[in-house]
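Reading through the structure tokens given below for one structure.
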Amino acid sequence: MTRPVLEFEHIDKSFFGAKVLKDVSFAVRSGAIVGLVGENGAGKSTLMNILSGILTADAGWIKVNGIPFAPQRPDESALAGIALVHQELNLFPNLSAAENLFVADFPRQGSKWLSWIDRASLRTRASELLEQVNLDVDPGTLVEELSPGQKQLLEIAKALKGDLKIVAFDEPTTSLTQPETQQLFSIIRRLKERGVGVIYISHNLGDVMRLCDQVVVLRDGEIQAAGDKDSFTIPDVIQLMVGRELETLFPRRRNTPQDVPVLQVRHLSQPGIVHEVSFTLRRGEMLGISGLMGSGRTELARILFGLDSYERGEILVEGETVSAPSPRKCVDRGMAFLTEDRSLEGLMPSASIEENVALVGLEEFGSRFLGVLKRETLKDRVGEVVRELSVDCRRIDRQSVKTLSGGNQQKVVLGKWLLGGSRILLLDEPTRGVDVGARYEIYQKLVELADEGVSMIVISSDLEELVGLCDRILVMSRGEIRASVDRQDFDRKEMLQAAIGEERLT
Amino acid sequence: MRAARWNVSKLGLTYAPALLYIGVVGTFGILSPSFLSIENFLNIFVQCSAVAIVAIGMTFVLLTAGIDLSVGSIMFLCSAIAGVSVVRGDLPISLALLFMVIGGLFCGVVNGYFIARKGMAPFIVTLSMLFVARGSGLWITQTRAMNLPDTFRQLATTRVLGIPVPVLVLAIVLITAHLILTRTVFGRQLYAVGNNPVAAERAGIDVPMVLIAVYMISGTCASIGGMLTLAQLAAVSPNLGQGRELDVIAAAVLGGASLFGGRGTAFGAVLGAVLVETVRNGMNMVDANPYVYPVIIGLIIFAAVFLDSNRHRQLARLRKRKIRTEAS
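Chains as they are written, first to last, in the working numbering: chain W, 1 to 506; chain S, 1001 to 1328.
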């Protein structure tokens, strides 16, 4: 048994009187990977912020190599050999990859009073780090030119600097494709061999079970269980996380899709983006689009919603050709686009839940003269939608959306479009960063809507999600549809093969 | 073939401001041959040196997504301090110049303190400073114009190796600022703070110190700008520097600085200031109606920013990753 490199002992933390961590104690051994799991709001991120010095604990202490450690600022924890790979990327797109790696501790030359950056050493040290994560880009490349997966690898490279003792990964795989995830796991295993203590936080329990040695389950700020991963099964862990048994993650459909086409796409092509894409979406159908990141799936959705242009092809909604689609035209025809990036494209973060939900349908609630809002009617309808989606909130007219968890934010986006009367939903990564409990509620709502005749296209990197949810799955690769698989024939391996295509992934 | 066309348009878009400048110079050169003389260009640089230096300081502030509205008033306050010390206090000029820099630094520290430590909006803090600094200047000069001795004027007319002192000062400030922005830890962290202050804080960058520093730099640059203006006028007039903050912001933005932070260079700021002055000088040379000057300058600022926003959209599109390579 190796000694613990990191110990949490009796950590307490409250925000405005609400306890978010209660008497949390566990240890991470050198060369061990500990999976930390729990629903959103269980206190995982708070604990990590305490470890990295962004927050301080109200009570309890942390020990590193047996020595008490109370970081007051992020650089103190970095100095102690603790690194945190955050859920959201903390990169500066206007700086180069090398500069991002060393932004807080550039190699310098010169004297104490007059110093400048040692650019040669910056370059060589950056190259070494990039090599460690197999990121094959020039250290001088601006980060804005990197792909999402490359950015995530860069963020990880940032953590590997110096004399690393402990590294915590907070949802590192949300923007990674399958092969990139495998690459990350091999990096983590290498760290383990070096004797680094690893904390791995993820909603993907399959990954946690594959990767970790121990599992710690957190619920409402308290540790529910901790132990070797072999003593848990995934259903056990889910039950511990949510405190109740989930019937099954994916609700059952009551109706089958009707044979009425609502969205027809014919020979859609845009040079360099998509090629000869044709498919038909039927009423009440849940159509999945699978494919790796960069396969053209998001780009296809953007074209369908009129955000990007296309050169050839035809799009028909309810049998009518849409010429030169624009988001406005698409919304008028009952289409909705729930983007991958909720905070950036889907929500007004500082506005209230009510204002967000009302946004798309606002025009319907204006009086005919001057468009004066009928506030009471609007309030009632918004309240109905919010209740129907069981958004977990205190006050819909006061509480700003940014205070909600990822799952609840996604429900607000969904509510916004439903109030607007959308009948065709384009969902891009609908449960990205959403915890298991809220995920189930979102699935349930989506299935209910499909049963009522709403049609949807679900784009997701999570094959399990598509397999569990959809009536049919299209597999995209390099801008083309490579396969169309009906529900009864779902075979994960085959779909992954089609997604990877003939090209081997780097 | 197609790739070549892309590269040409990418290059053209990247250097759009420089191309705009060459266009302006070419046009006036054809209209008036004397415009293209070296002497005239030195004159243009002397005329715009004050605005250019203050615009360099403003670029530091704009990089953090802040704004400094007080620079015009700081120019005046510092000039007033110099005027009072030389005329009434009979102090040597070197000491007066030192007081000017201290005055600019002090105003910058006050701005920076309230913005960085108290989290107040830069627009409001520096707007207050605009009034306070001008008011203080008027107070100590008792709103009277003050003529300075000729020795002061020599600062603007002396030449070293044929180059007027204001142009030399501008060159020194420009090179120093450029090196700070590109080669020092502070400079690179400044770009990080401007892009995303929350992430910068998390990365362990001392964000408040960076913010205080940029307002100090802006205040100091304003005091140096004040010196050059004062030397050219040889008098402290009550409206010295009035409205200059807008010229300065225009120059910085013309030079590619973004009001949203994270984007801008020292060379850009100088290019912006020189461009405006070149247009003014050129119109003077071709005897244009003076009332047309502001209209033309306004249109150029608009055109440059319009081009710039289009340019960024175009560049983003050109850089967009291609999913498939089309068979040709």
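We put the CB at the ideal spot given by N, CA and C, even for glycine.
Opening and closing residue of the beta strand (DSSP E) in which Gln-264 of chain W lies | From DSSP, the beta strand (DSSP E) with Gln-264 of chain W extends over 261-270.
Residues bridged to Trp-61 of chain W (per DSSP) | Bridge partners of Trp-61 of chain W according to DSSP: W:Glu-9.
With a Cβ-Cβ cutoff of 8 Å, do Val-103 of chain W and Arg-1202 of chain S count as a contact?
-> The Cβ atoms of Val-103 of chain W and Arg-1202 of chain S lie no closer than 8 Å to each other.
Taking Val-1025 of chain S as the reference, which of S:Ile-1301, S:Pro-1290, S:Val-1276 and S:Leu-1138 has the closest Cα?
-> Nearest Cα to Val-1025 of chain S within the set S:Ile-1301, S:Pro-1290, S:Val-1276 and S:Leu-1138: S:Val-1276.
Work out the CA separation of Asp-236 of chain W and Leu-246 of chain W for me, nearest whole Å.
-> Low per-residue confidence applies at Leu-246 of chain W: pLDDT is 46, beneath 50, and the placement is therefore not dependable, though the value from the model is reported in the following sentence. One C-alpha to the other measures close to 11 Å.
With 16 other CB atoms within 10 Å as the buried threshold, where does Lys-1118 of chain S fall?
-> The residue in question, Lys-1118 of chain S, is exposed, as its Cβ has fewer than 16 Cβ neighbours within 10 Å.
Return the CA-CA distance between Arg-504 of chain W and Thr-256 of chain W, expressed in angstroms with no decimal places.
-> In this predicted model, Arg-504 of chain W has a pLDDT of only 35, less than 50, meaning its place in the structure is not dependable enough to derive any value.
Identity of the residues DSSP links to Asn-1040 of chain S by a beta bridge | In DSSP, Asn-1040 of chain S forms no bridge with anything.
Buried or exposed by the 16-neighbour rule on C-beta atoms within 10 Å, applied to Thr-1229 of chain S | Under this definition Thr-1229 of chain S is a buried residue.
Could you check how far apart the C-beta atoms of Leu-164 of chain W and Ala-98 of chain W are, in whole angstroms? I think they sit under 8 Å.
-> Contact flag wrong, Cβ pair sits at about 19 Å.
C-alpha gap between Ala-1080 of chain S and Ile-1140 of chain S, whole angstroms = Roughly 7 Å between the two C-alpha positions.
Taking Pro-1238 of chain S as the reference, which of S:Ala-1145, S:Met-1058, S:Ser-1085 and S:Phe-1099 has the closest Cα?
-> Comparing alpha-carbon positions, the option among S:Ala-1145, S:Met-1058, S:Ser-1085 and S:Phe-1099 lying closest to Pro-1238 of chain S turns out to be S:Ala-1145.
Since Pro-68 of chain W is in the beta strand (DSSP E), which residue starts that stretch and which ends it?
-> Segment 67-69, the beta strand (DSSP E) holding Pro-68 of chain W.
According to DSSP, is Leu-404 of chain W helix, strand or coil?
-> DSSP places Leu-404 of chain W in the coil class of the three-state scheme, outside both helix and strand.
Applying the criterion that 16 or more other CB atoms from any shown protein chain within 10 Å of the CB defines a buried residue, is Asp-259 of chain W buried or exposed?
-> Asp-259 of chain W sits exposed, since fewer than 16 C-beta atoms from the chains shown fall within 10 Å of its C-beta.
Put Ala-483 of chain W into one of helix, strand or coil per three-state DSSP.
-> Reduced to three states, the DSSP call for Ala-483 of chain W is strand.
Length of the line joining the Cα atoms of Arg-1311 of chain S and Ala-1213 of chain S | Rounded to whole angstroms, the separation of the alpha carbons of Ala-1213 of chain S and Arg-1311 of chain S is 31 Å.
Nearest residue (CA-CA) to Gln-264 of chain W, options W:Ser-278, W:Leu-370, W:Leu-463 and W:Gly-383 | The shortest C-alpha separation from Gln-264 of chain W is found at W:Ser-278.
Counting pairs of beta carbons, one from the stretch 468-481 of chain W and one from the stretch 306-313 of chain W, are three or more of them closer than 8 Å?
-> At 8 Å Cβ cutoff, the stretches do not touch.
With 8 Å as the C-beta to C-beta threshold (strictly closer), list the residues of the stretch 1257-1275 of chain S near chain W in chain order.
-> In summary, the residues of the stretch 1257-1275 of chain S whose CB is separated from some CB of chain W by less than 8 Å are Gly-1262 and Arg-1263, in the order they occur in the chain.
With DSSP run on the structure shown, which of helix, strand or coil describes Glu-222 of chain W?
-> The answer is strand: DSSP assigns Glu-222 of chain W an E or B state.
Take Ala-1273 of chain S and list the residues in its own chain whose beta-carbon comes closer than 6 Å to its own, dropping the five residues that flank it on each side.
-> Answer for Ala-1273 of chain S: Cys-1048, Val-1051, Ala-1052, Ala-1055 and Ala-1251, listed in chain order.
Please say whether Gly-1194 of chain S and Ala-994 of chain S have beta carbons closer to each other than 8 Å?
-> A question about residue 994 of chain S goes unanswered here, because the residues of chain S that appear run from 1001 up to 1328.
In the stretch 186-217 of chain W, which residues sit with their C-beta less than 9 Å from some C-beta in chain S, listed in chain order?
-> Listed by position along the chain: nothing, the set is empty.
For Ser-352 of chain W, does the three-state DSSP call read helix, strand or coil?
-> Here Ser-352 of chain W carries a strand assignment [DSSP, helix/strand/coil].
List the residues of chain S that Val-103 of chain W touches, going by C-beta distances under 8 Å, in chain order.
-> Within chain S, the residues whose beta carbon sits less than 8 Å from that of Val-103 of chain W are Arg-1188, Gln-1189, Ala-1192, Ala-1200, Ala-1203 and Ile-1205, listed in sequence order.
Using the C-alpha atoms, what's the distance from Ala-1156 of chain S back to Ser-1094 of chain S?
-> Roughly 15 Å between the two C-alpha positions.
By Cβ distance, which residues of its chain are closer than 8 Å to Leu-55 of chain W, with the 5 residues on each side in sequence left out?
-> These residues qualify, in order along the chain: Lys-13, Thr-46 and Asn-49.
Distance between beta carbons of Gly-31 of chain W and Gly-195 of chain W, contact taken as under 8 Å = That belief holds up - the Cβ atoms of Gly-195 of chain W and Gly-31 of chain W are roughly 5 Å apart, short of 8 Å.
Hey, Leu-1174 of chain S and Ala-1257 of chain S: beta-carbon distance below 8 Å or not?
-> In terms of Cβ geometry, Leu-1174 of chain S and Ala-1257 of chain S do not form a close pair [threshold 8 Å].
Give the range of the beta strand (DSSP E) segment to which Tyr-1191 of chain S is assigned.
-> Note, Tyr-1191 of chain S: premise wrong, no beta strand (DSSP E); alpha helix (DSSP H) at 1185-1195.
Buried or exposed: where does Thr-124 of chain W fall if 16 or more other Cβ atoms within 10 Å of its Cβ makes it buried?
-> By the Cβ neighbour-count rule, Thr-124 of chain W is exposed, with fewer than 16 other Cβ atoms within 10 Å of its own.
How far does the alpha helix (DSSP H) with Ala-168 of chain W in it reach, from first residue to last?
-> For Ala-168 of chain W, there is no enclosing alpha helix (DSSP H); the enclosing beta strand (DSSP E) has its first and last residue at 166-170.
For the stretch 1031-1038 of chain S and the stretch 1219-1234 of chain S, state whether three or more C-beta atom pairs, one from each stretch, are separated by less than 8 Å.
-> Result no; under three Cβ-Cβ pairs closer than 8 Å.
Within the same chain, show all residues whose beta-carbon is closer than 7 Å to that of Asn-134 of chain W, passing over the 5 residues directly before and after it, in chain order.
-> Around Asn-134 of chain W: Gln-183.
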